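Read the structure below first, then the notes.
Protein chains: 2
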Amino acid sequence: MKIYNIALIGFGGVNRALTELIATKNSLWERDLGFRLNIVAVSDLYLGSVISPNGLDAKTLIEANFAKGGFGRLSGGSAEADNETIIKSAPVDIVVEATFTNPKDGEPAISHCRWALKSGKHVVTTNKGPVAIAAQELKALAKANNVHFEYEGSVMSGTPVLRMAEKTLSGAEIKGFEGILNGTSNFVLGRMENGLDFASAVAEAQALGFAEADPTADVEGLDVRLKVVILANELLGANLKPEEVSCEGISKLSPSDIDAAAKANSRWKLIGSAVRNADGTITGSVAPKQLPLEHPLAGVNGATNAVSLNTELLGSVTVTGPGAGRTETAYALLSDIVAIHNARSGSLAKDAA
Amino acid sequence: MKIYNIALIGFGGVNRALTELIATKNSLWERDLGFRLNIVAVSDLYLGSVISPNGLDAKTLIEANFAKGGFGRLSGGSAEADNETIIKSAPVDIVVEATFTNPKDGEPAISHCRWALKSGKHVVTTNKGPVAIAAQELKALAKANNVHFEYEGSVMSGTPVLRMAEKTLSGAEIKGFEGILNGTSNFVLGRMENGLDFASAVAEAQALGFAEADPTADVEGLDVRLKVVILANELLGANLKPEEVSCEGISKLSPSDIDAAAKANSRWKLIGSAVRNADGTITGSVAPKQLPLEHPLAGVNGATNAVSLNTELLGSVTVTGPGAGRTETAYALLSDIVAIHNARSGSLAKDAA
Numbered sequence: 001m002k003i004y005n006i007a008l009i010g011f012g013g014v015n016r017a018l019t020e021l022i023a024t025k026n027s028l029w030e031r032d033l034g035f036r037l038n039i040v041a042v043s044d045l046y047l048g049s050v051i052s053p054n055g056l057d058a059k060t061l062i063e064a065n066f067a068k069g070g071f072g073r074l075s076g077g078s079a080e081a082d083n084e085t086i087i088k089s090a091p092v093d094i095v096v097e098a099t100f101t102n103p104k105d106g107e108p109a110i111s112h113c114r115w116a117l118k119s120g121k122h123v124v125t126t127n128k129g130p131v132a133i134a135a136q137e138l139k140a141l142a143k144a145n146n147v148h149f150e151y152e153g154s155v156m157s158g159t160p161v162l163r164m165a166e167k168t169l170s171g172a173e174i175k176g177f178e179g180i181l182n183g184t185s186n187f188v189l190g191r192m193e194n195g196l197d198f199a200s201a202v203a204e205a206q207a208l209g210f211a212e213a214d215p216t217a218d219v220e221g222l223d224v225r226l227k228v229v230i231l232a233n234e235l236l237g238a239n240l241k242p243e244e245v246s247c248e249g250i251s252k253l254s255p256s257d258i259d260a261a262a263k264a265n266s267r268w269k270l271i272g273s274a275v276r277n278a279d280g281t282i283t284g285s286v287a288p289k290q291l292p293l294e295h296p297l298a299g300v301n302g303a304t305n306a307v308s309l310n311t312e313l314l315g316s317v318t319v320t321g322p323g324a325g326r327t328e329t330a331y332a333l334l335s336d337i338v339a340i341h342n343a344r345s346g347s348l349a350k351d352a353a
Numbered sequence: 354m355k356i357y358n359i360a361l362i363g364f365g366g367v368n369r370a371l372t373e374l375i376a377t378k379n380s381l382w383e384r385d386l387g388f389r390l391n392i393v394a395v396s397d398l399y400l401g402s403v404i405s406p407n408g409l410d411a412k413t414l415i416e417a418n419f420a421k422g423g424f425g426r427l428s429g430g431s432a433e434a435d436n437e438t439i440i441k442s443a444p445v446d447i448v449v450e451a452t453f454t455n456p457k458d459g460e461p462a463i464s465h466c467r468w469a470l471k472s473g474k475h476v477v478t479t480n481k482g483p484v485a486i487a488a489q490e491l492k493a494l495a496k497a498n499n500v501h502f503e504y505e506g507s508v509m510s511g512t513p514v515l516r517m518a519e520k521t522l523s524g525a526e527i528k529g530f531e532g533i534l535n536g537t538s539n540f541v542l543g544r545m546e547n548g549l550d551f552a553s554a555v556a557e558a559q560a561l562g563f564a565e566a567d568p569t570a571d572v573e574g575l576d577v578r579l580k581v582v583i584l585a586n587e588l589l590g591a592n593l594k595p596e597e598v599s600c601e602g603i604s605k606l607s608p609s610d611i612d613a614a615a616k617a618n619s620r621w622k623l624i625g626s627a628v629r630n631a632d633g634t635i636t637g638s639v640a641p642k643q644l645p646l647e648h649p650l651a652g653v654n655g656a657t658n659a660v661s662l663n664t665e666l667l668g669s670v671t672v673t674g675p676g677a678g679r680t681e682t683a684y685a686l687l688s689d690i691v692a693i694h695n696a697r698s699g700s701l702a703k704d705a706a
């Protein structure tokens, strides 16, 4: 049985949810997956950082109600989050990067990934920034250091779309995709179908905790754009940068647009898509589209996400599932660790029959 | 670069489609997947059998309009289909089993698989019979002979559901599933929603080639039952036999049932499902169910199939795609061969970053 020592970078909802899973599931994972996870270091801008070479108790980490700088009161702790030292020097196998997404330059998360990979540590992340902005560099670094860089959760939380394409659709020849990749905007569109105007629907999403105080990234398509870049680069072999993907959100849709769609047996959805052109180039876009009700994505409601992959040999294959959620996103990190474990330890033996 | 020598058992629509792909895609596969396929033997009840150790030309196999027993006129050919000799003695790496599904006892396909595995040959198959009826025995045989037994196409043609669960959802804790697993009955239900009675809808499906002369297996749920057994055994670790799964088809649904569902904002679907009970046992069932229109499976129309996996950590994840089709099913065979190739040759090296 294998124990992976891990460092949690960022201790917000996602890494807390992972810690909760570790507190309750380690024995199950040992039996079913062949490994346990041991939290050796945690770093968080608000709480500070801590390294405990023998491991921190997951249950205590969850239940202790740490105040600002609270990690400083732990043995091996500091009130400051010295991410660089933690990432470079903590004796861990895997760095779990779950800090905020910076859509501008991907920092500081890109640096976190870079430090970890250069130190010979695997990286698993749910952070869109490093994947959308620096995937090529980080994959090359991982390869050079013989470690993994895994990021299933950067697109649809735990719903597997990157690994589904890689592990189950090789040779199907993916030609393009279209997806509903932002739950907040999808929720807002649904409420507008129920009669609310855009501002009221956003206000309701905010009241319910689905939308942030500044909803721009969600409703103007910026979040979807990063996901389109990730999917296009991973699934279609593109090398797109975010600014190369056209981007229009849903804020200009009026109640009369919504009504007109309904009268035409259709429905507005914010669609992120990319397609391989005849000349081999890839074009990505984010825009509201009026889908006929029988379209496979028209029935994807609320905070659910979905991606339809258009393939040469198999036609359209769609995966639908949660696009957010603490535990759902923490599962993405687990699935990345499973992928690392299987690649490293006896997957040949296991796979043979 | 690797060449896999293969034997095609059954030369109906699916293996013909695979042969067409081989004729056109081998160079692409060599570049993108790392292997070529070389057809060394073919056997078919109607056409006879042929072994050609250096390989048969795929294009010729497709374009030659062989008459009954026609393989007998080829070098190394016989007008009789001696499957046992072909499978045991042809110098091949992989046996591609695509004969008819016998829902009663799985034969002769189970014997085909057994002979191949015992001869140290990998088996890929789209045949539900061996998987639903003899998977445990055949998996043990594969393991004992250090070869693979792969059967993605036994559930939803090339739409990956078995491999998706295995390769992308480890640790998500699948608790059950429900699916639309028969395109013919789904088509018939859709036509009944358009006003046809059951018999007329079936007649139309037959005229369009969606339903066979005897539609019993499709409309009475027998085909779905085999798929429920496969999914329950693979995804939930059950050990169900077909007769242990309750089975009710759609033939008793009347136009007034269809109307009543529509008035209740719902829709009848033939659902195959299984669930893990509190005591750890697994219950499978096939029955028409009235789904609310917002249910993720309610919008799956026509010949499309879908399975929703109910998971502990991730909630509901649904995969939707073709459930039939010559090329789509042939792709399942290719995806099985890709899985064998990756497990056998350097997936460790490839996966590391």
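As they're listed, the protein sequences go chains A and B.
Quick note: the first sequence uses our numbering, first residue 1, plus one each step.
Quick note: the second sequence uses our numbering, first residue 354, plus one each step.
Even glycine gets a Cβ: it sits at the ideal position worked out from N, Cα and C.
As the structure is a prediction and not an experimental result, all values here were calculated from the model.
query                                                                                                                                                                                  : result
So with Cβ pairs under 7 Å, would you call M509 (chain B) a contact of chain A?                                                                                                        : no
So which residues on chain A does L382 (chain B) lean against when the C-beta distance must stay under 7 Å?                                                                            : Going by the sequence as given, residue 382 (chain B) is Trp instead of Leu. By Cβ distance, chain A contributes G171.
Please classify N312 (chain B): does DSSP put it in a helix, a strand, or coil?                                                                                                        : This structure cannot settle anything about residue 312 (chain B), because the visible part of chain B is limited to 354 through 706.
For a minimum of 4 consecutive residues, which ranges assigned as the alpha helix (DSSP H) are wholly contained in the segment 139–227 of chain A?                                     : 153–156, 162–168, 183–193, 198–207 and 216–219
Between which two residues does the alpha helix (DSSP H) holding G387 (chain B) run?                                                                                                   : Premise fails: G387 (chain B) is in no alpha helix (DSSP H) and is neither H nor E.
Pick out the complete alpha helix (DSSP H) segments inside the segment 356–438 of chain B, 4 residues or longer, and give them in chain order.                                         : 366–385 and 411–416
So, is I356 (chain B) buried or exposed, given that buried needs 16 or more other C-beta atoms within 10 angstroms?                                                                    : exposed
Mind checking if G366 (chain B) is an interface residue toward chain A, Cβ cutoff 7 Å exclusive?                                                                                       : no
Spatial neighbours of G302 (chain A) within its chain, please: C-beta separation below 8 Å, excluding the five flanking residues on both sides.                                        : G183, N186, F187 and G190
Under 8 Å, with one C-beta from each stretch per pair, do the segment 627–643 of chain B and the segment 467–482 of chain B reach the 3-pair mark?                                     : no
Would you mind reading off the limits of the alpha helix (DSSP H) that contains S111 (chain A)?                                                                                        : A109 to K118
Could you check what DSSP says for T126 (chain A) in three-state terms: helix, strand or coil?                                                                                         : coil
Quick one: what's got a C-beta closer than 8 Å to L313 (chain A)'s C-beta in the same chain, skipping five residues either side?                                                       : G171, A172 and E173
Residues of the segment 313–327 of chain A in Cβ contact with chain B at a cutoff of 9 Å, in chain order, please.                                                                      : L313, L314, G315, S316, V317, T318, V319, T320, G321, P322, G325 and T327
Does any residue of chain A have a CB that is nearer than 7 Å to the CB of V707 (chain B)?                                                                                             : Chain B is shown from 354 up to 706; residue 707 (chain B) falls before or after that span and cannot be answered.
Against F301 (chain A), what residues of chain B qualify as contacts under a CB-to-CB distance less than 7 Å, listed in chain order?                                                   : Here residue 301 (chain A) is Asn; the residue named in the question, Phe, does not match the sequence. Residues of chain B passing the Cβ test: E647.
Taking only beta-carbon positions, decide if V691 (chain B) is within less than 7 Å of chain A.                                                                                        : yes
From the DSSP secondary-structure annotation, give me the bridge partner or partners of N310 (chain A).                                                                                : A:G176 and A:S316
Among residues of its own chain, excluding the 5 on either side of G192 (chain A), which ones have a beta-carbon nearer than 6 Å to its beta-carbon?                                   : In the sequence on display, residue 192 (chain A) carries Met and not Gly. Closer than 6 Å at Cβ, skipping near neighbours: A201 and I258.
Residue range of the alpha helix (DSSP H) that S607 (chain B) falls in?                                                                                                                : Here S607 (chain B) belongs to no alpha helix (DSSP H), and DSSP marks it neither H nor E.
Give me, in chain order, the residues of the same chain whose beta-carbon lies closer than 7 Å to that of A217 (chain A); leave out the 5 immediate sequence neighbours on both sides. : P103 and D223
Once DSSP output is grouped into helix, strand and coil, what is the label at D351 (chain A)?                                                                                          : Low local confidence applies: a pLDDT of 40 at D351 (chain A) is under 50, so the model's placement there is unreliable, with the coordinate-based value given in what follows. Correct three-state label for D351 (chain A): helix.
When we look at the beta-carbon of F100 (chain A) and count the other beta-carbons within 10 Å, is it buried (16 or more) or exposed?                                                  : exposed
To the nearest angstrom, how far is it from the Cα of I282 (chain A) to the Cα of A165 (chain A)?                                                                                      : 17 Å
So the candidates are A:K118, A:L74 and A:A213; which of them puts its Cα closest to the Cα of A41 (chain A)?                                                                          : A:L74
Candidates B:M509, B:I404, B:R384 and B:C466: which alpha carbon is nearest L494 (chain B)'s?                                                                                          : B:C466
What distance in whole Å lies between the Cβ atoms of F419 (chain B) and L400 (chain B), which are believed to be in contact at a cut-off of 8 Å?                                      : 5 Å
Which residue wins for smallest C-alpha separation from A651 (chain B), given the options B:T671, B:N499 and B:T664?                                                                   : B:T671
Report the neighbours of S688 (chain B) on chain A: residues whose CB is nearer than 8 Å to its CB, in chain order.                                                                    : T168, L169, S170, G171 and A172
Within 7 Å of any Cβ in chain B, is that where the Cβ of R114 (chain A) sits?                                                                                                          : no
Determine the DSSP secondary structure at K372 (chain A), reduced to helix, strand or coil.                                                                                            : Outside the displayed range of chain A (1 to 353) lies residue 372 (chain A), so it cannot be described from this structure.
Which bits of chain A does L386 (chain B) rub up against, with CB to CB less than 9 Å?                                                                                                 : S170 and G171
Report yes or no: do the segment 675–693 of chain B and the segment 320–335 of chain A share at least 3 C-beta pairs separated by less than 8 Å?                                       : no
Enumerate in chain order the residues of its own chain whose CB-to-CB distance from I133 (chain A) is below 6 Å, with the five nearest sequence positions on each side excluded.       : G106
Leaving out five residues on either side along the sequence, give the residues of the same chain with a beta carbon under 7 Å from the beta carbon of K471 (chain B).                  : L494 and N498
Does Y331 (chain A) get closer than 7 Å to chain D when you measure Cβ to Cβ?                                                                                                          : Protein chains A and B are contained in the structure displayed, whereas chain D is not.
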